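Numbering of the sequence shown is given in the numbering used here, commencing with residue 2 and proceeding in unit increments.
Remarks on the structure that follows.
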Amino acid sequence: MSRMIVILLGIVVATIAEQKTARVRLVPNDIKTRNVTGELILVRNEDNSVQITGRVRGLTEGLHGIHVHEKGDLRDGCMSTGPHFNPENVTHGGQDSPVRHVGDLGNIGASKNGEADVNIKDFVISFTGKNNIVGRAIVVHSGEDDLGKGNTTLSASTGNSGDRWACGIVEAE
């Protein structure tokens, strides 16, 4: 019996360690203001990067900040997701900045029809360890992320990227 339990635990641990995909279903923060929706697929690559692909709809034309937020809680819309995921307690930056929040993923660009095709490759976020984003939320903002270059308090904490227009929980598959 105990041997069977050990084998089952080993299978569970191996499954968790091998987790390679996750999904995010983006829902509007306030459908009356802006009906932003979408779906993102996250895949862990052989080089341990995470590739995020998908489409976001209902945006205004231009750039929109996209970040991993601390909490996977949507009870009060996107406001329940807390601040950017920042386990190192550092300032905000761009995806390629030497200093950045784990959750800083830069911008996505929306066309005139309000759609953004997402294709982000990131080497900081993970499905395991201290940078694990599974169970946290991804948030799409109303404005462009200034990547921490705006010389303001908001720039250093959020990239001054505006309101939270859509969010969804990173769910393992």
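Positions of the beta carbon are idealized from the N, C-alpha and C atoms, including for glycine.
Here the structure is a predicted model, which means the values were calculated and not measured.
Residue i in three-state terms, based on DSSP
| i | result |
| --- | --- |
| V171 | coil |
| K21 | coil |
| G130 | helix |
| T54 | strand |
| A15 | Per-residue confidence for A15 stands at a pLDDT of 47, beneath the threshold of 50, marking its modelled position as unreliable; the derived number appears in the next sentence. Helix. |
| T38 | strand |
| L155 | helix |
Proximity of residue i and residue j at Cβ, strictly below 8 Å
| i | j | result |
| --- | --- | --- |
| V57 | I109 | yes |
| E89 | T82 | no |
| H142 | D105 | no |
| L41 | L27 | yes |
| S127 | V51 | yes |
CB-CB length for residue i against residue j, believed under 8 Å
| i | j | result |
| --- | --- | --- |
| H65 | S156 | About 16 Å separates the two Cβ atoms, so there is no contact after all. |
| A173 | A23 | 5 Å |
| S112 | E62 | 6 Å |
Spatially closest choice to residue i from the options, by CA coordinates
| i | options | result |
| --- | --- | --- |
| D123 | G115, G63, N132 | N132 |
| S38 | R76, E71, I139 | Checking the sequence shown, residue 38 turns out to be Thr, not Ser. It is I139 whose Cα lies nearest to the Cα of T38. |
Open item on the list: Just to confirm the assignment: which complete beta strand (DSSP E) runs, minimum length 3, are found wholly within the region 102-152?
Closed with: For the region 102-152, whole beta strand (DSSP E) runs of length 3 or above, ordered along the chain, are 105-111, 117-123, 138-142.
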